[in-house]
Amino acid sequence: MNEPFWIWQQPDWPHFNWEADSLAPLLRACTQAQGRLLGMLGAVGSDTEAQSSLDVLLQNIVTSSAIEGEQLNVSSVRSSLAKRLGISEEGRVSARSEGLAELLLDATSAHQQPLDLKRLYRWHCWLFPSDDNLLARPLRVGMLRGDEPMQVVSGRVDRPTVHYEAPPRAGLETQLAEFLAWFESSRSDAGLDPLLRAGIAHFWFVTVHPFDDGNGRLTRAITDLALTQGEQQAIRFYAMSASILDDRAGYYRILEASQKSTLDITAWLQWFLGTLLKSLEQALARIDRILAKARFWQAHRTDSLPPEQIKVLNRLLDGGEKGFEAGISAAQYQSVAQVSKATATRHLSDLLEKGCLRRLPGGGRSTRYQINQPGSILPGLDTE
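Heads up, the sequence shown is in my numbering, so the first residue is -19 and it goes up one at a time.
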(Lines of atoms letter the chains of each structure in order from A and count residues from 1; the text may use other names and numbers.)
(Lines give C-alpha, C1' and ligand atoms only; values in the text may rest on other atoms or scores of the structure.)
Protein backbone atom coordinates (compact mmCIF):
# COMPACT_ATOMS: atom_id res chain seq x y z
CA MET A 1 0.00 0.00 0.00
CA ASN A 2 1.31 3.44 -0.90
CA GLU A 3 2.33 5.79 1.89
CA PRO A 4 -0.02 8.78 2.39
CA PHE A 5 1.17 11.76 0.37
CA TRP A 6 -1.31 14.40 1.56
CA ILE A 7 -2.09 14.96 5.22
CA TRP A 8 -5.80 14.24 4.72
CA GLN A 9 -4.84 10.72 3.57
CA GLN A 10 -3.43 9.93 7.01
CA PRO A 11 -5.49 7.23 8.77
CA ASP A 12 -6.23 9.42 11.81
CA TRP A 13 -7.04 12.61 9.86
CA PRO A 14 -8.01 15.17 11.18
CA HIS A 15 -6.75 14.30 14.70
CA PHE A 16 -3.84 16.74 14.82
CA ASN A 17 -1.09 16.70 17.41
CA TRP A 18 1.74 19.06 18.33
CA GLU A 19 4.68 19.46 20.71
CA ALA A 20 3.38 21.72 23.47
CA ASP A 21 6.83 22.43 24.93
CA SER A 22 8.11 23.70 21.57
CA LEU A 23 5.18 26.10 21.27
CA ALA A 24 5.14 27.32 24.88
CA PRO A 25 7.57 30.29 24.53
CA LEU A 26 5.79 31.69 21.46
CA LEU A 27 2.38 31.08 22.98
CA ARG A 28 3.44 32.90 26.15
CA ALA A 29 4.80 35.86 24.17
CA CYS A 30 1.59 36.12 22.11
CA THR A 31 -0.61 35.94 25.19
CA GLN A 32 1.40 38.66 26.94
CA ALA A 33 1.32 40.94 23.88
CA GLN A 34 -2.40 40.30 23.44
CA GLY A 35 -3.02 41.16 27.09
CA ARG A 36 -1.02 44.38 26.82
CA LEU A 37 -2.92 45.39 23.70
CA LEU A 38 -6.34 44.72 25.21
CA GLY A 39 -5.28 46.55 28.37
CA MET A 40 -4.38 49.64 26.35
CA LEU A 41 -7.80 49.93 24.73
CA GLY A 42 -9.23 51.79 27.70
CA ALA A 43 -6.69 54.58 27.27
CA VAL A 44 -7.75 55.25 23.67
CA GLY A 45 -10.60 57.73 23.13
CA SER A 46 -13.76 56.54 21.40
CA ASP A 47 -13.20 58.66 18.27
CA THR A 48 -9.62 57.46 17.95
CA GLU A 49 -10.72 53.90 18.68
CA ALA A 50 -13.27 53.95 15.85
CA GLN A 51 -10.80 55.44 13.37
CA SER A 52 -8.07 53.00 14.34
CA SER A 53 -10.47 50.07 14.08
CA LEU A 54 -11.47 51.27 10.60
CA ASP A 55 -7.82 51.44 9.53
CA VAL A 56 -7.12 47.92 10.82
CA LEU A 57 -10.21 46.38 9.23
CA LEU A 58 -9.32 48.05 5.93
CA GLN A 59 -5.76 46.75 6.16
CA ASN A 60 -7.06 43.24 6.88
CA ILE A 61 -9.37 43.19 3.85
CA VAL A 62 -6.87 44.70 1.43
CA THR A 63 -3.95 42.49 2.49
CA SER A 64 -6.03 39.29 2.59
CA SER A 65 -6.94 39.88 -1.07
CA ALA A 66 -3.35 40.88 -1.89
CA ILE A 67 -2.14 37.49 -0.61
CA GLU A 68 -4.19 35.98 -3.45
CA GLY A 69 -2.81 38.53 -5.92
CA GLU A 70 -5.94 40.70 -6.07
CA GLN A 71 -5.62 44.48 -5.83
CA LEU A 72 -8.75 46.08 -4.41
CA ASN A 73 -10.07 49.62 -4.75
CA VAL A 74 -8.95 50.80 -1.30
CA SER A 75 -11.12 53.92 -1.30
CA SER A 76 -14.24 51.91 -2.09
CA VAL A 77 -13.56 49.34 0.65
CA ARG A 78 -12.84 52.11 3.16
CA SER A 79 -16.16 53.81 2.35
CA SER A 80 -18.06 50.55 2.80
CA LEU A 81 -16.43 49.96 6.19
CA ALA A 82 -16.90 53.57 7.35
CA LYS A 83 -20.61 53.43 6.54
CA ARG A 84 -21.05 50.35 8.72
CA LEU A 85 -18.98 51.78 11.57
CA GLY A 86 -20.94 55.04 11.62
CA ILE A 87 -17.96 57.09 10.48
CA SER A 88 -18.72 59.92 8.07
CA GLU A 89 -16.56 59.56 4.96
CA GLU A 90 -17.33 60.40 1.36
CA GLY A 91 -16.64 57.83 -1.31
CA ARG A 92 -18.16 55.49 -3.84
CA VAL A 93 -18.81 51.87 -2.94
CA SER A 94 -19.20 48.76 -5.10
CA ALA A 95 -20.85 45.37 -4.73
CA ARG A 96 -17.36 43.97 -4.16
CA SER A 97 -16.44 46.41 -1.37
CA GLU A 98 -19.87 46.06 0.27
CA GLY A 99 -19.56 42.27 0.36
CA LEU A 100 -16.02 42.30 1.74
CA ALA A 101 -17.00 44.76 4.46
CA GLU A 102 -20.04 42.66 5.42
CA LEU A 103 -17.91 39.52 5.60
CA LEU A 104 -15.21 40.83 7.90
CA LEU A 105 -17.58 42.72 10.17
CA ASP A 106 -19.78 39.63 10.47
CA ALA A 107 -16.72 37.56 11.39
CA THR A 108 -15.63 40.01 14.09
CA SER A 109 -18.71 41.85 15.38
CA ALA A 110 -20.95 38.77 15.36
CA HIS A 111 -18.37 36.51 16.96
CA GLN A 112 -20.87 35.04 19.42
CA GLN A 113 -22.91 33.53 16.59
CA PRO A 114 -22.08 29.93 15.62
CA LEU A 115 -20.27 29.23 12.37
CA ASP A 116 -22.53 26.86 10.47
CA LEU A 117 -22.82 25.89 6.82
CA LYS A 118 -25.49 28.50 6.12
CA ARG A 119 -23.28 31.29 7.48
CA LEU A 120 -20.27 29.99 5.54
CA TYR A 121 -22.30 29.99 2.31
CA ARG A 122 -23.40 33.56 3.05
CA TRP A 123 -19.76 34.61 3.48
CA HIS A 124 -18.93 33.03 0.14
CA CYS A 125 -21.75 34.97 -1.54
CA TRP A 126 -20.44 38.21 -0.01
CA LEU A 127 -17.00 37.35 -1.31
CA PHE A 128 -18.33 36.90 -4.86
CA PRO A 129 -21.39 39.16 -5.34
CA SER A 130 -23.63 38.24 -8.28
CA ASP A 131 -23.14 41.58 -10.05
CA ASP A 132 -19.34 41.49 -9.78
CA ASN A 133 -17.97 41.80 -13.31
CA LEU A 134 -14.41 41.01 -12.27
CA LEU A 135 -14.82 37.24 -12.00
CA ALA A 136 -12.43 35.62 -14.46
CA ARG A 137 -14.46 32.41 -14.70
CA PRO A 138 -17.86 31.06 -13.67
CA LEU A 139 -17.92 29.99 -10.02
CA ARG A 140 -20.23 27.95 -7.86
CA VAL A 141 -21.06 30.75 -5.45
CA GLY A 142 -22.60 29.84 -2.11
CA MET A 143 -22.14 26.11 -2.70
CA LEU A 144 -19.37 23.53 -2.47
CA ARG A 145 -16.94 22.90 -5.33
CA GLY A 146 -17.60 20.46 -8.14
CA ASP A 147 -16.31 16.97 -8.90
CA GLU A 148 -13.11 18.01 -10.72
CA PRO A 149 -9.87 17.70 -8.68
CA MET A 150 -9.02 20.80 -6.63
CA GLN A 151 -5.31 21.50 -7.02
CA VAL A 152 -2.99 24.38 -6.17
CA VAL A 153 -0.53 24.56 -9.06
CA SER A 154 2.15 26.79 -10.53
CA GLY A 155 4.46 26.74 -13.53
CA ARG A 156 3.74 25.93 -17.17
CA VAL A 157 0.28 24.80 -18.23
CA ASP A 158 1.69 21.69 -19.92
CA ARG A 159 4.03 20.85 -17.01
CA PRO A 160 2.47 22.25 -13.84
CA THR A 161 3.89 21.83 -10.36
CA VAL A 162 1.21 20.55 -7.99
CA HIS A 163 1.76 22.16 -4.60
CA TYR A 164 -1.37 20.72 -3.06
CA GLU A 165 -4.40 18.60 -3.92
CA ALA A 166 -7.48 18.91 -1.70
CA PRO A 167 -9.67 16.00 -0.56
CA PRO A 168 -11.96 14.66 -3.32
CA ARG A 169 -15.48 15.99 -3.74
CA ALA A 170 -17.01 12.73 -2.54
CA GLY A 171 -17.32 13.05 1.23
CA LEU A 172 -16.65 16.78 1.27
CA GLU A 173 -19.92 17.48 3.14
CA THR A 174 -18.78 15.14 5.90
CA GLN A 175 -15.31 16.73 6.04
CA LEU A 176 -16.77 20.22 6.35
CA ALA A 177 -19.40 19.15 8.89
CA GLU A 178 -16.65 17.67 11.07
CA PHE A 179 -14.69 20.90 10.92
CA LEU A 180 -17.71 23.07 11.77
CA ALA A 181 -18.70 20.79 14.67
CA TRP A 182 -15.18 20.99 16.07
CA PHE A 183 -15.01 24.76 15.60
CA GLU A 184 -18.17 25.20 17.68
CA SER A 185 -17.39 22.63 20.40
CA SER A 186 -13.76 23.78 20.80
CA ARG A 187 -14.89 27.25 21.92
CA SER A 188 -15.58 25.79 25.36
CA ASP A 189 -12.59 23.44 25.45
CA ALA A 190 -10.64 24.63 28.49
CA GLY A 191 -7.71 22.42 27.52
CA LEU A 192 -7.18 24.11 24.16
CA ASP A 193 -5.55 27.54 24.10
CA PRO A 194 -7.64 29.98 22.00
CA LEU A 195 -4.60 31.00 19.96
CA LEU A 196 -3.79 27.39 19.11
CA ARG A 197 -7.47 26.90 18.23
CA ALA A 198 -7.18 29.77 15.72
CA GLY A 199 -4.05 28.22 14.20
CA ILE A 200 -5.65 24.78 13.92
CA ALA A 201 -8.83 26.23 12.40
CA HIS A 202 -6.76 28.10 9.79
CA PHE A 203 -4.82 25.01 8.74
CA TRP A 204 -7.78 22.62 8.83
CA PHE A 205 -10.14 24.73 6.74
CA VAL A 206 -7.60 25.71 4.08
CA THR A 207 -6.62 22.04 3.81
CA VAL A 208 -10.24 20.94 3.23
CA HIS A 209 -10.50 23.68 0.56
CA PRO A 210 -14.29 23.32 0.14
CA PHE A 211 -15.00 25.99 -2.51
CA ASP A 212 -14.08 26.66 -6.13
CA ASP A 213 -12.36 29.90 -5.12
CA GLY A 214 -11.99 32.16 -2.11
CA ASN A 215 -10.76 29.43 0.27
CA GLY A 216 -7.77 31.47 1.44
CA ARG A 217 -9.81 34.59 2.17
CA LEU A 218 -12.50 32.59 3.97
CA THR A 219 -9.77 30.82 5.95
CA ARG A 220 -8.41 34.16 7.17
CA ALA A 221 -11.94 35.35 8.02
CA ILE A 222 -12.40 32.19 10.11
CA THR A 223 -9.07 32.93 11.77
CA ASP A 224 -10.26 36.45 12.63
CA LEU A 225 -13.47 34.95 14.02
CA ALA A 226 -11.53 32.48 16.18
CA LEU A 227 -9.20 35.19 17.50
CA THR A 228 -12.14 37.49 18.24
CA GLN A 229 -13.95 34.70 20.08
CA GLY A 230 -10.85 34.06 22.17
CA GLU A 231 -10.45 37.74 23.06
CA GLN A 232 -14.18 38.40 23.55
CA GLN A 233 -13.41 41.74 21.94
CA ALA A 234 -14.99 42.79 18.64
CA ILE A 235 -12.83 45.90 18.17
CA ARG A 236 -9.83 45.02 16.01
CA PHE A 237 -6.46 46.63 16.58
CA TYR A 238 -4.28 44.25 14.61
CA ALA A 239 -4.45 42.76 11.12
CA MET A 240 -2.93 39.30 10.90
CA SER A 241 -3.43 39.19 7.12
CA ALA A 242 -0.96 42.07 6.80
CA SER A 243 1.72 40.04 8.58
CA ILE A 244 0.94 36.99 6.45
CA LEU A 245 1.36 39.15 3.34
CA ASP A 246 4.75 40.32 4.63
CA ASP A 247 5.86 36.67 4.51
CA ARG A 248 3.65 35.44 1.69
CA ALA A 249 6.29 33.07 0.32
CA GLY A 250 6.88 31.64 3.80
CA TYR A 251 3.14 31.22 4.29
CA TYR A 252 2.73 29.09 1.18
CA ARG A 253 5.96 27.21 1.94
CA ILE A 254 4.88 26.12 5.43
CA LEU A 255 1.37 25.24 4.23
CA GLU A 256 2.76 23.02 1.47
CA ALA A 257 5.26 21.33 3.78
CA SER A 258 2.62 20.73 6.47
CA GLN A 259 0.02 19.44 4.01
CA LYS A 260 2.55 16.87 2.75
CA SER A 261 3.50 15.77 6.26
CA THR A 262 2.11 13.85 9.22
CA LEU A 263 -0.61 14.98 11.61
CA ASP A 264 2.04 16.64 13.79
CA ILE A 265 1.44 20.31 12.91
CA THR A 266 3.99 21.80 15.32
CA ALA A 267 5.92 23.54 12.52
CA TRP A 268 2.75 25.15 11.17
CA LEU A 269 1.67 26.35 14.62
CA GLN A 270 5.15 27.80 15.22
CA TRP A 271 4.87 29.80 12.01
CA PHE A 272 1.32 30.86 12.83
CA LEU A 273 2.14 32.03 16.36
CA GLY A 274 5.29 33.82 15.16
CA THR A 275 3.27 35.69 12.55
CA LEU A 276 0.55 36.51 15.07
CA LEU A 277 3.19 37.87 17.44
CA LYS A 278 4.47 40.22 14.72
CA SER A 279 0.91 41.48 14.18
CA LEU A 280 0.46 42.12 17.89
CA GLU A 281 3.81 43.89 18.23
CA GLN A 282 3.01 46.14 15.26
CA ALA A 283 -0.35 46.96 16.83
CA LEU A 284 1.32 47.80 20.15
CA ALA A 285 3.69 50.19 18.37
CA ARG A 286 0.75 51.81 16.59
CA ILE A 287 -1.23 52.26 19.83
CA ASP A 288 1.89 53.67 21.49
CA ARG A 289 2.03 56.29 18.75
CA ILE A 290 -1.67 57.09 19.17
CA LEU A 291 -1.27 57.58 22.92
CA ALA A 292 1.94 59.57 22.46
CA LYS A 293 0.12 61.82 19.99
CA ALA A 294 -2.71 62.37 22.48
CA ARG A 295 -0.20 63.24 25.25
CA PHE A 296 1.62 65.66 22.97
CA TRP A 297 -1.49 67.62 21.99
CA GLN A 298 -2.69 67.66 25.58
CA ALA A 299 0.62 69.21 26.62
CA HIS A 300 0.40 71.83 23.84
CA ARG A 301 -3.36 72.45 23.95
CA THR A 302 -2.87 76.15 24.81
CA ASP A 303 -0.26 76.85 22.13
CA SER A 304 -1.41 78.95 19.20
CA LEU A 305 -0.20 77.04 16.17
CA PRO A 306 -1.04 77.82 12.54
CA PRO A 307 -2.41 74.99 10.33
CA GLU A 308 0.96 74.51 8.62
CA GLN A 309 2.69 73.74 11.91
CA ILE A 310 -0.10 71.39 13.00
CA LYS A 311 0.12 69.53 9.69
CA VAL A 312 3.87 68.92 10.06
CA LEU A 313 3.62 67.95 13.73
CA ASN A 314 0.87 65.43 12.97
CA ARG A 315 2.98 63.96 10.17
CA LEU A 316 5.86 63.49 12.62
CA LEU A 317 3.59 62.11 15.35
CA ASP A 318 1.94 59.60 13.03
CA GLY A 319 5.29 58.08 12.10
CA GLY A 320 5.28 55.32 9.53
CA GLU A 321 7.02 55.44 6.17
CA LYS A 322 6.26 59.15 5.68
CA GLY A 323 6.93 60.18 9.28
CA PHE A 324 10.56 61.36 8.87
CA GLU A 325 12.03 58.82 11.29
CA ALA A 326 15.44 60.51 11.12
CA GLY A 327 13.92 63.94 11.77
CA ILE A 328 12.71 66.68 9.45
CA SER A 329 14.94 69.30 7.84
CA ALA A 330 14.02 72.90 7.07
CA ALA A 331 13.76 72.04 3.38
CA GLN A 332 11.41 69.11 4.13
CA TYR A 333 9.34 71.32 6.43
CA GLN A 334 9.06 73.84 3.60
CA SER A 335 7.88 71.10 1.21
CA VAL A 336 5.33 69.50 3.58
CA ALA A 337 3.90 72.79 4.88
CA GLN A 338 3.97 74.45 1.44
CA VAL A 339 5.58 77.63 2.82
CA SER A 340 8.56 79.76 1.84
CA LYS A 341 12.07 79.09 3.09
CA ALA A 342 11.93 82.10 5.42
CA THR A 343 8.57 81.01 6.85
CA ALA A 344 9.85 77.46 7.37
CA THR A 345 12.83 78.79 9.34
CA ARG A 346 10.56 81.01 11.44
CA HIS A 347 8.10 78.18 12.10
CA LEU A 348 10.84 75.81 13.21
CA SER A 349 12.27 78.41 15.60
CA ASP A 350 8.79 78.97 17.04
CA LEU A 351 8.24 75.22 17.52
CA LEU A 352 11.61 74.92 19.26
CA GLU A 353 10.75 77.79 21.59
CA LYS A 354 7.38 76.25 22.48
CA GLY A 355 8.97 72.87 23.17
CA CYS A 356 7.15 71.11 20.34
CA LEU A 357 10.36 70.09 18.60
CA ARG A 358 13.93 69.36 19.61
CA ARG A 359 17.02 69.92 17.49
CA LEU A 360 19.04 66.82 16.70
CA PRO A 361 22.85 66.79 16.63
CA GLY A 362 24.31 68.36 13.49
CA GLY A 363 24.32 71.84 12.05
CA GLY A 364 23.88 73.94 8.96
CA ARG A 365 21.80 72.47 6.18
CA SER A 366 21.92 69.04 7.82
CA THR A 367 20.11 70.24 10.94
CA ARG A 368 17.09 68.07 11.64
CA TYR A 369 14.24 68.26 14.14
CA GLN A 370 12.11 65.68 15.92
CA ILE A 371 9.07 65.74 18.17
CA ASN A 372 9.87 66.66 21.75
CA GLN A 373 7.54 64.22 23.48
CA PRO A 374 6.44 65.34 26.97
CA GLY A 375 8.10 63.37 29.74
CA SER A 376 10.58 61.53 27.52
CA ILE A 377 14.22 62.07 26.69
CA LEU A 378 13.92 60.79 23.15
CA PRO A 379 11.11 61.73 20.81
CA GLY A 380 9.23 58.44 20.52
CA LEU A 381 9.00 58.34 16.74
CA ASP A 382 9.63 54.62 16.35
CA THR A 383 8.14 53.11 13.25
CA GLU A 384 6.79 49.62 12.94
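Where is the CB? At the ideal position from N, CA and C, for every residue including glycine.
| Asked | Found |
| --- | --- |
| Contact check, alanine 75 vs glutamate 69, beta carbons under 8 Å | no |
| Leucine 7 and leucine 253 closer than 8 Å at C-beta | yes |
| Secondary structure of serine 241, DSSP reduced to three states | coil |
| CA nearest to the CA of alanine 219, picked from His182, Ser329 and Arg200 | Arg200 |
| 8 Å Cβ cutoff, glutamine 250 in contact with chain D | Among the chains of the structure shown, chain D does not appear; only one protein chain is present. |
| Burial state of serine 259, where buried means 16 or more other Cβ atoms lie within 10 Å | buried |
| As assigned by DSSP and simplified to three states, the class of phenylalanine -4 | coil |
| Inside the region 266 to 343 only - alpha helix (DSSP H) runs reaching at least 4 residues | 287 to 298, 310 to 317 and 321 to 333 |
| Beta-carbon proximity check, isoleucine 202 vs tryptophan -2, cutoff 8 Å | no |
| Identity of the residues DSSP links to tyrosine 349 by a beta bridge | Ile308 and Arg339 |
| Length of the line joining the Cα atoms of glycine 66 and arginine 167 | 30 Å |
| Cβ-Cβ distance between isoleucine 215 and serine 33 below 8 Å | yes |
| Coil, strand or helix - proline 140 by DSSP | strand |
| Straight-line gap, glutamine -10 to phenylalanine 304 (C-alpha atoms, nearest Å) | 53 Å |
| Cβ neighbour criterion (16 or more within 10 Å) applied to glutamine 209 | buried |
| Backbone secondary structure at glutamate 145 - three-state DSSP | strand |
| Three-way DSSP call (helix, strand, coil) for glycine 210 in this model | helix |
| Whole-angstrom distance between glutamate 48 and glycine 196, CA atom to CA atom | 8 Å |
| Neighbourhood of glycine 126 by C-beta distance below 8 Å, restricted to the same chain and skipping five residues each side | Arg120, Arg149 and Asp192 |
| Outcome for glycine 194 when other beta-carbon atoms lying within 10 angstroms are tallied against a minimum of 16 | buried |
| Continuous alpha helix (DSSP H) stretch holding glycine 179: start and end | 174 to 188 |
| The alpha helix (DSSP H) enclosing glycine 79, as first and last residue numbers | 75 to 89 |
| Member of Ser45, Leu285 and Trp277 whose CA lies at the smallest distance from the CA of glutamine 353 | Trp277 |
| Among Leu107, Gln14 and Lys334, nearest to arginine 281 - alpha-carbon criterion | Lys334 |
| Residues of its chain near lysine 240, where Cβ-Cβ distance is below 6 Å and the 5 sequence neighbours each way are ignored | none |
| Environment of methionine 130 [buried if 16+ CB atoms lie within 10 Å] | buried |
| Cβ pair tryptophan 184, proline -6 closer than 8 Å | yes |
| Classification of glycine 171 by the beta-carbon crowding that lies within 10 angstroms, buried from 16 upward | exposed |
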